[in-house]
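Note that the working numbering has the sequence shown beginning at 109, numbered continuously upward. Here the structure is laid out as structure tokens; the discussion comes afterwards.
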Amino acid sequence: MHEMPYVKAALSAVLEAAKGKKVKRMKIEVGSNVTDLEEFRELFFMLSESTAAGGAKLEVKQMKPYLKCGACKNEASSQFSPVRCPKCGSPDIETNANEVKIVEIEVD
């Protein structure tokens with residue numbers, strides 16, 4: 109159930125964006141720490157059953173991974189979530205590995 113915190117974050121964001129209206133369709137992008145998109149979908153459908161997003165069509169895809177170093181400004185693509193910049197070794201890095209982004213939502 110590694111995907112559970114990401115599913116909960118996505119569902120919360122979808123329900124907030126829907127403002128109480130019934131959700132018909134949504135597109136979600138997730139960071140590279142979400143490793144099993146099928147598990148993500150299954151958990152999302154299970155948790156959303158009794159909500160305004162229950163039964164909605166879900167499209168989920170992985171974001172292109174990136175990292176940016178605050179020290180040397182190096183930008184790179186990375187499939188994993190490093191703790192240090194691969195170029196200079198600084199721990200001052202920003203990555204999208206944990207991001208969950210609602211790209212589109214359609215409500216009634």
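Ideal Cβ positions, reconstructed from N, Cα and C, are used throughout, including at glycine.
Review point. At which residues does the alpha helix (DSSP H) containing Glu124 begin and terminate?
Key: Going by DSSP, Glu124 is part of the alpha helix (DSSP H) stretching over Met112 to Ala126.
Practice item. Please report the residue range of the beta strand (DSSP E) in which Arg192 lies. Key: No beta strand (DSSP E) holds Arg192; DSSP gives it neither H nor E.
Review point. When DSSP builds the beta bridges, which residues end up paired with Cys180?
Key: Partner(s): none; Cys180 has no beta bridge.
Point to revise | CB of Lys195 within 8 Å of CB of Asn182, strictly | key: Remark: C-beta atoms of Lys195 and Asn182 approach each other more closely than 8 Å.
**Study point:** Endpoints, the alpha helix (DSSP H) within which Cys207 is located
**Key:** Checking the sequence, you will find Glu at residue 207 rather than Cys. Following the DSSP letters along the chain, one finds Glu207 in no alpha helix (DSSP H), marked with neither H nor E.
Point to revise | Option nearest Pro199 by Cα separation, candidates Val208, Cys180 and Asp216 | key: When each option's Cα is compared against that of Pro199, the closest is Cys180.
Review point. Could you give the C-beta distance for Lys132 and Glu214, rounded to a whole number, given that I count them as a contact under 8 Å?
Key: In this structure Lys132 is in contact with Glu214, their Cβ atoms being roughly 5 Å apart against a cut-off of 8 Å.
Check your understanding: If Val122 sits next to Ile210, beta carbons under 8 Å apart, how far is it from one beta carbon to the other, in whole angstroms?
Key -> 6 Å
Check your understanding: Mind checking whether Ala118 and Phe152 have CB atoms under 8 Å apart?
Key -> Against a cut-off of 8 Å, the Cβ pair of Phe152 and Ala118 comes out as a contact.
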